Structure formats: structure tokens, C-alpha cells
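There are 2 protein chains.
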Amino acid sequence: MRDVAIIGIGQTPVSEHWDISLCDLAVQAVKAALLDAGIERPEMLFVGNMLSAALSRQQNLGALVADHAGLRGIEAYKVETACGSGAAAVRMAYMAVAGGACDVAVACGVEKMTDGTPEEATAALAEAADALYEATHGLSFVAINALLMQRYMFEYGYRHEDFGPFSINAHENASTNPNAMFRRPITREQFVRSRPIADPITLLDSSGIGDGSAAVVIATGELATRLGRPVVRIAGSAGATDSVAVHDRREPLFFSAAHTSSQRALAQAGVTAADIDFAELHDAFSITAALSLEACGFAPRGKGVALALGGEISRQGRLPISTLGGLKARGHPVGASGVYQVVEAVQQLRGQAGSNQLPGCRLGMTQSIGGSGANIITHILERIS
Amino acid sequence: MRDVAIIGIGQTPVSEHWDISLCDLAVQAVKAALLDAGIERPEMLFVGNMLSAALSRQQNLGALVADHAGLRGIEAYKVETACGSGAAAVRMAYMAVAGGACDVAVACGVEKMTDGTPEEATAALAEAADALYEATHGLSFVAINALLMQRYMFEYGYRHEDFGPFSINAHENASTNPNAMFRRPITREQFVRSRPIADPITLLDSSGIGDGSAAVVIATGELATRLGRPVVRIAGSAGATDSVAVHDRREPLFFSAAHTSSQRALAQAGVTAADIDFAELHDAFSITAALSLEACGFAPRGKGVALALGGEISRQGRLPISTLGGLKARGHPVGASGVYQVVEAVQQLRGQAGSNQLPGCRLGMTQSIGGSGANIITHILERIS
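Protein chains in written order, with the numbering used here: chain B, 1 to 385; chain V, 386 to 770.
Right, dumping it as C-alpha cells:
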């Protein structure tokens, strides 16, 4: 397969965008990414989205976004893997360009969660779970993750407050990201006093409901070099699945799909977890961040929380995560988050992350999750010029 | 890109499957296709589906279907282009294998339309249209196509009864297909007396609501040869889009996306429309079949209906279409139909179409449409052994 680079990035702030439609949100990100890349007309568009059918009464987003972005006629598709849909769009665009189906593709993630009520959004998010074996029993998506967190605390002996550093780090990093939704730093006391959502998960363990869109332009490495764009290479790209129903896994506390997809992506890039300078992980809940760190090999089992408690996930630590706020504080417009992660990793690798910049970073990992560990897509991005 | 073949096909009958879940329907088709191919574990799965979020409260179908089909762990995605979603899944699987991302992929289309009431299904189908510029005015999906048919009759001087041959041919062919939903032949009189749905579209101009799933196993040509499977090659594969809102097109009666995608697919295959032995087109409404024939170059503009009136679309004609019943009479479980078309084309090319067999066919075209001409995917299939 061919060498592939990201040559353009675009994003809207994550917010409650009451004045912009789902489609227009996507158009803003796509146009920004094309402008950044200096490309007028890509050959393909992949749109990652989860909730538009339920909340915006709109499907067919591939053709719709392509047309409204001034790209009528190009090949376009929507891809869905629940909350990991944006990363799936990036993976499709990667495969199309690397495989030779086209030279330039755009991956866009978009979500307009405020098109429904919070109750409607909560019901729609539960569709990421197994409808017949989980949701039918009344389990919301938060509840499923609360069961995981409960078990984790039981198995490894942590207290709820030990998860604080994930949230505190995310809010700290979001405070200086103009595209972030929750820009106030929080204290340990605020975390401890945060109100319960589904015990033991509290408000400050959870990402919020928001609207947003992000996009990347993906091209052959050869074209990137010819255009003279800053080259961030997609060095590794992989996806893997697990059962959707959490109770059906041999080891519920081990995200095997995160393990498989990260190992594949690292192997493709020819590096190991120890070589990664920073990671944009799927911190939709603090327990999710902990389990991801462990499954990717950044911490031994049961030690993801310890890594955070030791300060290693901050921008000054050994493995900075959520460097621009993560899902927790940049915001989690679900189908868009996987693309936000890639956009932010490119910001870091290009040296365009402003006051959030990690000095001298060269290798970043992004990982997005659909369902409670059911579908996990990992990318390794590398700065080479 | 590499040579790609279809080495396995599977399908469930199209019906009202009250006793089977959405997921189990997909599993039946996937397992049948893998058995037919002699493959135990493909590397990737692409699921085409439109309505599960609205009607079955279930997303994340990639991971869900993979797991329930005994393929836990493999890479899996859902793809959506409204009623063309199944064809999009085939296109993704083609790109993955042709581009070298994997050697064996499964494309599955599934739809469980009876999980909702007919009213809910009608509302969900309208999400294929532009929510803000079409559906918001109360236009159902049938109504949009009725406007197209009205305009077509006005421009070209046809009467409603002239469209009869599309429906009569489809029902005739379905009558001997055990997987078809509507297996009774209809007469010209029945067509003329059929009750109106959205004037001028009548019940017998329209495909019905049904459940079903179809799947194909796609592999490298080299692997197909090594396995000794009957080789049906994907000689051409292409997608193209148009505006979603029909009023926004310069020529509403010309499906430009059908033109572009069919021309690209034919060019890739190195053939012309005149070389095609049969076509499985998107006859969701009889007007759609007429417009597709014209846009693909099988008939001049305004002559698609004339082609049908002349008997050329029957199994004895110059260009047989809907050879196993088409969307009209095999049934149109929307996100599955694009895969049913490919499965049926392979049946024809392998000589496995039973009493519907076209003697000596070598080149078939399948074309699936998402929205009223908005997203159109074309495949050219060729028998080479």
C-alpha cells in the first residue's frame, strides 16, 4: 500500500451550536480542512456520524455534506461505529488513498447532539450497546460503563477519587484550547464533590453532550511532498472488534479490541508503545481512559489509574493524554470525536498546538472506541518534515 | 489495485421476518456466504444498513454482526448511503481487498423494516431526502419520486399505464425466485387498476416494506483461483453523488450520479453499455428504473419507458433487468438491496439462477441508489471461469 499523509485539518469549536445545522457544521470543518490543505476538490468524502438518524431525522450524509461543501458529484459515504464513527471515517479514507482508489480523500466527523433533547440523546447513545441483551434491560450507556468502573475498583482496590487526575488533566488542557467546550480547570475537591450520574460515575467522570465537526484531508505521501505541505504521515492504521455486550467477554476489564488494534497499528509503524510521545485516547469516561492505557500497553493491568495518579498523563508527564482537553473537556460530539483526536494530534506534530504544545513530539497515537470497547480504531501519526 | 473476485454469496428470503432479529438475519446471510466460499474467518466485515437506528434502536452493527456470526475480533464497519447502503458495503469491501488492506472481506446488507410500524418506516425512509429542504415540507420519499414521475410523463408524453412493463417483468421474474417476497405474476389490468400511493405512483409502481439480508465474500483474484471457486470478477466499481434535494438539480430527469458512476465502472472494466448482458437496477419505483436505464446509456433520454414497452427488459429481451424480481418484487429491504443485486448477478453469472437463468451471460451490471438519485454505486461483474 502507498505512503499516506494528512495534509489538511479543520474543526469547529465543540459547543451547543443552536444556530447551525448538522450539515453546515460538517461543511465548516470540511472547508477549513480543504483550505488548510490547498486542495479544491478531493475525490472522496467519508463522513463519520452516529446520531443524525435519531436526532436530526437525516441520513444520506455522504451526498448531503459533499453537495453543501461545494463538492457535488464526488464519491461520498457515511461510516458508523457508534462513538468511534469519526475514526472509522479516517480509516476508510486512509484505505482508499493507501490502496490506490484515489489520491485525495476527506474524512469528516460530525454530530449535532442538541438536535434532540438530552433524554433523546441518552436513548440514542444507548444504541451503541446491544439492544437485545443490554439496552432492553434499561441499561443506559453511562450505566454500562459504571458497571465496568465498579468492577475495576473492586478488583484493583481503587477509590473513586483516584480517578480524579484523568478529569483534572483534561480540563486543565482544555482551558487553553479555543475549540474546547469545557474551558474551566477543575480542582480535586470539585471532582470529589461532583454529583453522581450512575454510581460510581459522577458528572466529572463523564464527557458531556455537544455539537461539533472536524475534518482531515488525506493524500498520498508523494502528493503531500509535491504540494510542500507540512507532512504528518499515517504510519499505522488498524481496527478491531469485541462483543458489543460487555457481559459476554471473558475479561470485561481488558479492552481486547484496543489491544489488537493498537498492536497492529504500532507494528505497521514499526514502533512500540514506549516510542509514543503522546496519545489522544477515548476518555469518554475516566474508566475508559484507564482501560485504554492498559490495553494499549502504556500501563500494566490495573495500573492505568496509577499512571494518572503519578502525574504521567499530564503535558509534563511520560505519556501526555487528552492534550487539548480530550473527550472529557474538549467535548465529545460522538461521531466527530475520532476526527478531533486526529486533528489535535496533527496540531501537536506540526507545532500548532499553541500554549498546549508538547515540545519536540514526533509520534502520536489516536484511539477511538465505539460502544464500551466493542469497536476500536487506532492510528499512529508521525511527523516527518 | 489488485484483481478482485466474489467467491461466496448468501441471502435470506425477503419477507416479514417477525421471528428473527435484525442481527440474526445478517448472521444467516454472512454464514451462508462464508460457507459458499469455503472461508472460515474473513479479515474485514462491512455492513450496509439504513434504518436500524430508527426502527431497531440498534447501532454499532459492524461489531454486533461480526460477533454474532462467530467472527469476534475482526475489523468491522457499518456503511450508510440510504437505500444504497448495501452497495456501499460492497464498494468498501472491494476497495479494502483491491487496495491491499486485506485479502478476504465480507460485505453484508441487512434491513429489518418490520421492527417499526409502516408509519415509522415511512418516516425513517424520508431521512434519505434532505431533511431541511424536502422532508420538512412533508414530502415522503414516495412523494418525491411521484414528482419526478409526474414531470417525466409531462416532458415525454407517456401515460401511467406505459410504466406497466417494469412492474409486470419484475413480478414475472420473482414468481420463480424462492427468495422473492412477491411471487405472484401480475397482469396489465392489475397494474392499471392498482390503487394510488402518491399520484401518479401506484402500489404496483412501488417496492414494498420487507426484511432481509444478503452477503458476499470478496477476495483477491489470486486467492479465488487458488481455492478453485467459480470466479466472478469485480471488473468495475464506482460511486458518485448528486444533490440530495431533487429541486436543486439542473436536470431533475437525468440521474447524473448514475451516469458518472456507470461510466467510470464501465471504463474500468474496459467495456461499454452495449456489452452488458443484464442489469440489476434500482427499480424501487418504476420511474427510477426508467431514469436509471437512460442515465446508464441503455436508452436515450425519454426512451427508458419505450425500452420496457418494447419488451427489451424481459429475460428474452436485449437488456434483461430485475432478473430475479428486482427491488419491486424480490423485495426492497433498503440497506440490503444493493447486496441482493450483487448476489443475484453472481447467481446469473455462475449459472445458478434456476428457472430464471439467462443463457450464456458473461457481463452483468448492478446499480444501487441512495436517495432520489443522490448517491449511486455501480458494479460490473464478469464471469471468467
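Positions of the beta carbon are idealized from the N, C-alpha and C atoms, including for glycine. Note that the structure is predicted; figures quoted are calculated from it, not measured.
Restricted to the stretch 43 to 68 of chain B, the alpha helix (DSSP H) segments that are unbroken, complete and at least 4 residues in length are 52 to 55 and 61 to 68, listed in chain order. By the rule that beta-carbons nearer than 9 Å mark a contact, residue 79 of chain B touches chain V.
Apart from sequence neighbours up to five positions away, the residues of its chain that approach residue 317 of chain B with a beta-carbon distance below 7 Å are 311, ordered along the chain. Near chain B, meaning a CB-to-CB distance below 7 Å, the residues of the stretch 620 to 639 of chain V are 624, 625, 626, 627, 628 and 629. Contact between residue 315 of chain B and residue 358 of chain B holds: CB atoms are separated by about 6 Å, below the 8 Å threshold.
By the criterion of at least three beta-carbon pairs nearer than 8 Å, the stretch 360 to 375 of chain B is not in contact with the stretch 677 to 689 of chain V.
For residue 666 of chain V, DSSP assigns no beta-bridge partner whatsoever. Contact between the stretch 51 to 70 of chain B and the stretch 169 to 182 of chain B is absent: fewer than 3 CB-CB pairs across the two stretches fall below 8 Å. Residue range 256 to 269 is occupied by the alpha helix (DSSP H) that includes residue 260 of chain B.
In this structure the stretch 91 to 111 of chain B lies against the stretch 334 to 341 of chain B, because at least three pairs of beta carbons, one per stretch, are closer than 8 Å. The continuous alpha helix (DSSP H) containing residue 610 of chain V extends over residues 606 to 612. The stretch 463 to 475 of chain V and the stretch 74 to 86 of chain B touch, with no fewer than 3 CB-CB distances between them shorter than 8 Å.
At least 9 Å separates the CB of residue 413 of chain V from every CB of chain B. Below the 7 Å Cβ cutoff, chain B contributes 73 as neighbours of residue 645 of chain V, in chain order. Taking a cut-off of 8 Å on C-beta distances, the stretch 426 to 440 of chain V touches the stretch 49 to 62 of chain B, as three or more cross pairs fall below it. Residue 133 of chain B and residue 245 of chain B do touch by the CB rule: their CB atoms are close to 5 Å apart, below 8 Å. The way I'd put it, the stretch 29 to 36 of chain B doesn't touch the stretch 112 to 120 of chain B; fewer than three beta-carbon pairs between them come closer than 8 Å. For residue 316 of chain B, no CB of chain V lies under 9 Å from its own CB, so it is not counted at the interface with that chain. Around the beta carbon of residue 732 of chain V, 16 or more other beta carbons sit within 10 angstroms, so the residue counts as buried. For the pair residue 281 of chain B and residue 326 of chain B, the CB atoms are nearer than the 9 Å cut-off. Around residue 397 of chain V, the same chain offers 410, 413, 414, 597 and 598 as residues with beta carbons nearer than 7 Å, after the five sequence neighbours per side are excluded.
In the DSSP assignment, the residues bridged to residue 365 of chain B are B:279 and B:380.
Rounded to whole angstroms, the separation of the alpha carbons of residue 555 of chain V and residue 332 of chain B is 47 Å. Inter-segment contact for the stretch 198 to 209 of chain B and the stretch 159 to 167 of chain B is present: three or more beta-carbon pairs are separated by less than 8 Å. By the neighbour-count criterion, in which 16 or more other beta carbons inside 10 Å mark a residue as buried, residue 685 of chain V falls on the exposed side.
Against chain B, a Cβ distance below 9 Å from residue 756 of chain V picks out 59, 60, 63 and 64. Counting only residues of its own chain and dropping the five nearest sequence neighbours on each side, residue 671 of chain V has a CB closer than 7 Å to the CB of 548, 551, 552 and 590. With contact defined as three or more Cβ pairs closer than 8 Å, the stretch 176 to 190 of chain B and the stretch 253 to 269 of chain B are not in contact. Neighbours of residue 388 of chain V in chain B, taken as residues whose beta carbon is under 7 Å from its own, are absent, since the nearest beta carbon is some 13 Å off. By the criterion of a C-beta distance shorter than 7 Å, residue 580 of chain V is surrounded in its chain by 587 and 588, once the five residues flanking it on both sides are discounted.
Across the structure, residue 496 of chain V and residue 593 of chain V are spaced so that their CA atoms are roughly 13 Å apart. Pairing residue 683 of chain V with residue 730 of chain V gives a Cβ-Cβ distance that is not under 9 Å. Taking 7 Å as the cut-off between beta carbons, none of the residues of the stretch 653 to 668 of chain V comes near chain B. If you ignore the 5 residues before and after residue 393 of chain V, its C-beta comes within less than 7 Å of the C-beta of 418, 419, 421, 422, 424, 601 and 602, all in its own chain and listed in chain order. Membership of residue 618 of chain V in the beta strand (DSSP E) is indicated by the continuous run 617 to 626.
Secondary structure at residue 726 of chain V: helix, using DSSP grouped into helix, strand and coil.
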